[in-house]
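Student:
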Amino acid sequence: MTHDILSVKLYELDKAIGQMHSRIEQGEMDCPEQVEKDIQELRRECRENREMLHNKMKYSKAKLVGRIAEAYDKVDQVIQIAQEQLGISFTEETTKELSAENKILLAEYFLDFAMQASNYALLMSLEAIHAQNDQPTQNP
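Take the sequence shown: its position 26, counted from the start at 1, is 26 in full-length UniProt numbering, and no numbers get skipped.
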């Protein structure tokens, strides 16, 4: 059971990474107007996906997931406060002002954070498999 659930999620992740590669490669070949259009579309997708995930977690029947949603909200607030204190933001208006080099640097760190998140997902997956294997099997 655990393996099936994780396999579906890994398939979704593989698909998303493939799309990311394709979008980056296509963006390098597209005209500036098309890249701008793609940026706007991706910003909309990110907002929608973030809201969908937040609601899914917030209204989950599992108490642990609700707590994670609350923690995520707190982390988001801390990030917003830090951005205000540093005078930076990742809104459309402020990212336009960043140099290409700084944008690449930020993208690199965001990918590092994504890798760290995937490592935590792997750790939790292995712990779930281990816990499931440790459960006594029931005879039908």
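Positions of the beta carbon are idealized from the N, C-alpha and C atoms, including for glycine.
Nothing here was measured: the structure is a model prediction, and the numbers come from that model.
#1: Are Ser-125 and Leu-42 close, meaning C-beta to C-beta below 8 Å?
#2: Between the stretch 10-23 and the stretch 127-136, can you find at least three pairs of beta-carbon atoms closer than 8 Å?
#3: Check for me: the alpha helix (DSSP H) holding Gln-80 runs from which residue to which?
#4: What three-state label does DSSP hand Cys-31 in the structure shown?
#5: Is Lys-58 closer than 8 Å to residue 142 when the C-beta atoms are compared?
#6: Given this structure, state the Cα-to-Cα distance separating Asn-133 from Glu-33, to the nearest angstrom.
#7: How is Glu-12 classed by DSSP in three states: helix, strand or coil?
#8: Kindly say whether Glu-108, judged by its beta-carbon, lies nearer than 8 Å to any beta-carbon of chain C.
Tutor: The relevant details are as follows:
#1: Counted from its first residue, the sequence shown places residue 125 at position 125. Counted from its first residue, the sequence shown places residue 42 at position 42. Not a contact, by the Cβ cut-off of 8 Å.
#2: no
#3: Within the sequence shown, the letter at position 80 stands for residue 80. Taken as a continuous stretch (DSSP letters only), the alpha helix (DSSP H) holding Gln-80 covers 63-86.
#4: Here residue 31 corresponds to residue number 31 of the sequence shown, with the count starting at 1. If DSSP states are grouped into helix, strand and coil, Cys-31 belongs with coil.
#5: It is not possible to answer for residue 142, since the shown part of the chain is limited to 1 through 140.
#6: As a position in the sequence shown, residue 133 is number 133, starting the count at 1. As a position in the sequence shown, residue 33 is number 33, starting the count at 1. Looking at the two C-alpha atoms, the distance is approximately 53 Å.
#7: Sequence index remark: in the sequence shown, residue 12 carries index 12 (1-based). Reduced to three states, the DSSP call for Glu-12 is helix.
#8: Going by chain labels, chain C is absent from the structure shown, which holds only one protein chain.
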